[in-house]
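Q: Have a look at the structure that comes next, please.
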Amino acid sequence: MVFWYYRTYTKDAVHVKIGVAWLWLLDGLHIAFAAHTMYFYLVQNFSSPLTLFHLVWSFNLQIAVNICVILSVQTFYSVRLLKLNKGQSKWVLALVALILIVAYGIGITECYEVFTVHSITEVNRIQTETYMSLACICIVDVLIAATSCIVLSRYRTGMSSTDSVITTLMLYVMNTGVLTSVCSLVSIITYAVYPNDLVFLSIEIVSSKLYVNSYMAMLNARRHLKTRNASSMGDPEASRTAINQSEAFTLQSRSKSLRRGTLDGESFPPQMYPIPTISPPVYHVSTEPRYTEHTPRRHQSRQKVPLRVAVSRETFSS
């Protein structure tokens with residue numbers, strides 16, 4: 001998705017491209033730390049149960065990177081929401097910004113506390129920070145989704161083409177916000193039910209990927225929505241582009257079918273469709289003199305012998 005973004009949206013702002021690169025870097029680090037954690041416990045120390053009580057360094061880094069990924073995506077969503085708002089509903093944006101700042105503070109505190117934990121028995125010591133962090137993440141997701149729907153609803157123009165695109169965006173934002181909020185809520189429930197088993201971390205690993213993929217999907221879907229809106233509004237340039245692409249695809253398919261000896265799913269022998277060939281012109285040269293009925297016989301032997309060229313051209317021959 002990152003490759004497709006940089007290949008397609010080359011004219012995006014620099015800060016958007018830097019944000020995508022930042023998420024790609026964090027996501028790669030998160031995968032690397034999670035893989036190292038599983039390798040340490042499941043492969044390297046498989047026959048050593050006592051090792052489970054010791055927290056490996058990659059485990060702590062994985063939690064810290066996970067918090068950075070979630071807060072970064074929520075920040076990017078808030079920035080795009082601020083651009084769409086254009087000075088309206090300031091109190092809602094202020095509320096989102098306030099809770100996001102609180103989430104940053106709690107996230108930084110949790111990252112610091114995580115590195116002070118060296119055993120699984122000490123995880124309960126940061127139970128309060130964990131609850132507050134998950135709760136803030138859930139609240140911010142709900143507020144961003146609700147505020148985005150409110151702002152997008154103001155862009156309705158009464159035209160079916162534009163309204164359908166706005167409705168699609170609203171449904172996408174709502175689904176994304178609900179899905180991420182449900183993940184955070186399930187993490188809170190599992191942490192409350194199994195506080196010593198760290199089951200909630202498995203859900204957090206999935207939720208971080210969900211945040212990154214949802215943000216990248218939103219960026220990559222812009223061209224499709226723009227083309228859909230232009231086509232439905234009768235944009236001649238968009239229609240011409242679609243027709244050219246359709247014709248190119250049809251010609252390419254027919255060309256491949258002819259080379260394979262099939263056309264529209266039916267085979268045919270090459271003899272049924274002979275290809276015409278162009279033959280070069282044929283020149284017939286004659287050295288006989290040109291005599292007329294008025295030419296005296298005594299001058300026929302003295303007359304210069306001209307060349308008579310008769311040209312016959314066969315244009316097509318099977």
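Number 190 in full-length UniProt numbering belongs to position 190 of the sequence shown; there are no gaps in the numbering. Ideal placement from N, C-alpha and C gives every residue a C-beta, glycine not left out.
(1) What are the uninterrupted segments assigned as alpha helix (DSSP H) that are 4 or more residues long and contained completely in the UniProt domain "DUF6534" (138-224), given in chain order?
(2) Run through DSSP, which three-state label would Leu29 get?
(3) In the structure shown, what three-state DSSP assignment does His118 receive?
(4) From the DSSP secondary-structure annotation, give me the bridge partner or partners of His54.
(5) What does the alpha-carbon distance come out to for the pair His30 and Leu201?
(6) Using only the alpha-carbon positions, how far apart do Ala221 and Arg156 sit?
(7) Hey, quick one: how far does the alpha helix (DSSP H) through Val2 stretch, first residue to last?
(8) Let me know the secondary structure DSSP gives Phe76 once reduced to three states.
(9) Can the beta-carbon of Ser164 be found less than 8 Å from the beta-carbon of Ile70?
(10) Can you tell me the Cα-Cα spacing of Tyr194 and Leu171, whole angstroms?
(11) What do you reckon, are the CB atoms on Val140 and Ile99 nearer than 8 Å?
(12) To the nearest angstrom, how far is the alpha carbon of Thr147 from that of Ala34?
(13) If you draw a straight line from the alpha carbon of Phe40 to that of Val65, how long is it in whole angstroms?
(14) Excluding the 5 residues flanking Phe115 on each side, which residues of the same chain have their C-beta closer than 8 Å to its C-beta?
A: By the coordinates alone:
(1) 160-193, 200-220
(2) helix
(3) coil
(4) Ser119
(5) 13 Å
(6) 20 Å
(7) 2-8
(8) helix
(9) no
(10) 34 Å
(11) yes
(12) 34 Å
(13) 18 Å
(14) Asn60, Ala64
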